[in-house]
Amino acid sequence: MLRKLRLFYYNNKEKFWVTIGIIIFVIVIIQIINGVIKNNREEELNNEKNESSIISSGSSKNETYLPSRTDSVISDSKVSKDRIEEDTKIIESFVNFGNANDVEGAYNLLSQDCKDEMFQTIDRFYEFYFKNIFNEKRSYDLENWDSTGSRTTYRIKYQNDIMATGMINEEFIEDYITVIEENDEKKLNINEFINKVDLEKKGQVDGLEATVTAKYYYYDYEEYDITFKNTTQGQIIIDTKDNTESVYLEDERGVNYSWFGNEIANEELILNGGESVSLRIKFNKLYNQNRVDNKINFTDVRINNEQKTLEINV
């Protein structure tokens, strides 16, 4: 038996070693491929972890995401890295409160103007903002959008938290968050509300007096609180609504922005003798600090059935 095996080996020695060589070669190739696959997988996992830490501080309280731009997107203003870091901390806290379902904690970070303007109660904040944003764990992406004085506005994209879900979802919810100083503390204006400015600007024409008391900046429109008073004995119509462009905001470059007249009832624009009315006038103007408002024009005022124009320098 042994003799037959030796005879078989000598007769097929060359084929035998070729086969052995092929087997060894295949084993080595398989090990190399497995090693490459393993390294690629580890690299992918590391990239995912790095990506989640870059996108958001909402997943980790030990890391703070900083926007890469110190210059603002829509203006030539620049913000120091120290200020961006401070701003980002309060935004991070807001998101962390949201992810922890701490409605009160998040609400307490809002400015008083933001509460007065949009969320007079914590229940209203929950109903119209909190539950719609923080219906799942969120990470976020920030962009330095605009800055003026002590106020900086950031464009924020709320995303699903990769560390919580294990998946990358390209869908996001966008908002504009403004960090302001209030009583020596940083506070937030959210839901595209940028800022409120108190004013005392007056205008009048033939017995119709107008006083602008406040201006509200939003991302995609502006609003003015205006009180009108009829000092005559007759009836005054602030605007007839015969022309949709009869009331407009004019900037210092002479560009006009029409009002949303459909949001004001016709009867609110009619003043009998001695009557007053306070109106919130909304204008179709995107926020841009480089386009400064100059005056508000009411060009279809009717006094004693005569058409008049009321101008208010703002």
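Mapping to the working numbering: the sequence shown position 170 is 302, numbers consecutive.
The beta carbon of each residue, even a glycine, is placed where N, CA and C say it ideally should be.
| query | Quick one: what does DSSP say Asp-374 is sitting in, helix, strand or coil? | reply | Annotated three-state conformation of Asp-374 is coil, per DSSP.
Exercise for review: Write down every uninterrupted run of the beta strand (DSSP E) in the segment 383–444 whose length is 3 residues or greater and which is fully enclosed by it, in chain order.
Suggested key: As far as the segment 383–444 is concerned, its whole beta strand (DSSP E) runs of at least 3 residues are 388–390, 408–415 and 425–435.
* Helix, strand or coil for Val-337 per DSSP? -> The DSSP-derived three-state label of Val-337 is strand.
Problem - Residue range of the beta strand (DSSP E) that includes Asn-233 - result: Run containing Asn-233: none; DSSP gives neither H nor E here.
Quiz item: According to DSSP, is Thr-220 helix, strand or coil?
Solution: Collapsing the DSSP output to three states places Thr-220 in a helix.
With contact counted as at least three CB pairs below 8 Å, one residue from each stretch, are the segment 362–380 and the segment 332–343 in contact?
In the pairwise beta carbon analysis, the segment 362–380 is classified as touching the segment 332–343: at least three pairs are separated by under 8 Å.
Problem - Start-to-end residues for the alpha helix (DSSP H) that takes in Phe-257 - result: Here the alpha helix (DSSP H) through Phe-257 covers 254–257.
_Neighbour-count burial assignment, Ser-378, 16 or more Cβ in a 10 Å radius_ = Label assigned to Ser-378: buried.
Within a Cβ cutoff of 8 Å, which residues of the same chain sit near Arg-434, ignoring the five residues on either side of it in sequence? Correct list, in chain order: Ile-368, Ile-369, Thr-372 and Lys-440.
- Task: Sort Asp-245, Asn-426, Ala-238 and Asp-425 by Cα distance to Lys-263 and report the nearest one.
- Result: If we check each option's Cα against that of Lys-263, Ala-238 comes out closest.
Checking the sheet assignment: what are the DSSP bridge partners for Ile-155? Secondary-structure assignment with DSSP links Ile-155 through no beta bridge to anything.
Between the segment 309–320 and the segment 415–431, can you find at least three pairs of beta-carbon atoms closer than 8 Å?
These segments do not touch.
Answer yes or no: do Asp-374 and Asp-432 have a C-beta to C-beta separation smaller than 9 Å? Between Asp-374 and Asp-432, the CB-CB gap stays under 9 Å.
Please report the distance separating the alpha-carbon of Asn-388 from that of Leu-381.
Between the alpha carbons of Asn-388 and Leu-381 lies a distance of about 6 Å.
request  = Could you spell out the range, first to last residue, of the alpha helix (DSSP H) harbouring Gln-244?
outcome  = Counting along the chain, the alpha helix (DSSP H) containing Gln-244 begins and ends at 244–249.
* Asked: Just checking my contact of Leu-101 with Asp-352 at CB under 8 Å: how many whole Å lie between their CB atoms?
  -> With the chain represented from 133 up to 446, any question about residue 101 goes unanswered, as that position is not in the structure.
| task | To the nearest angstrom, report how far apart Tyr-349 and Glu-443 are at their CA atoms. | result | Each residue's Cα considered, the two are about 21 Å apart.
When you compare only the Cα positions, how much space is there between Asn-267 and Lys-289? Those two C-alpha atoms are separated by around 15 Å.
Give every residue of the same chain whose Cβ lies closer than 7 Å to the Cβ of Leu-401, excluding the five residues on either side of it in the sequence, and list them in chain order.
Non-local C-beta neighbours of Leu-401 in its own chain, meaning closer than 7 Å and more than five positions away in sequence, comprise Ile-369, Ile-370 and Asp-371, ordered along the chain.
Span separating the alpha-carbon of Asp-273 from that of Ile-322
Going by C-alpha positions, Asp-273 is about 15 Å away from Ile-322.
Rounded C-alpha distance that separates Ile-161 from Thr-151 | Each residue's Cα considered, the two are about 15 Å apart.
Under three-state DSSP, which class holds Gln-367?
-> It is coil, neither helix nor strand.
Quiz item: Between Glu-395, Leu-241 and Tyr-286, which lies nearest to Ile-222 when the distance is taken from Cα to Cα?
Solution: Of the candidates Glu-395, Leu-241 and Tyr-286, the residue whose Cα lies closest to the Cα of Ile-222 is Leu-241.
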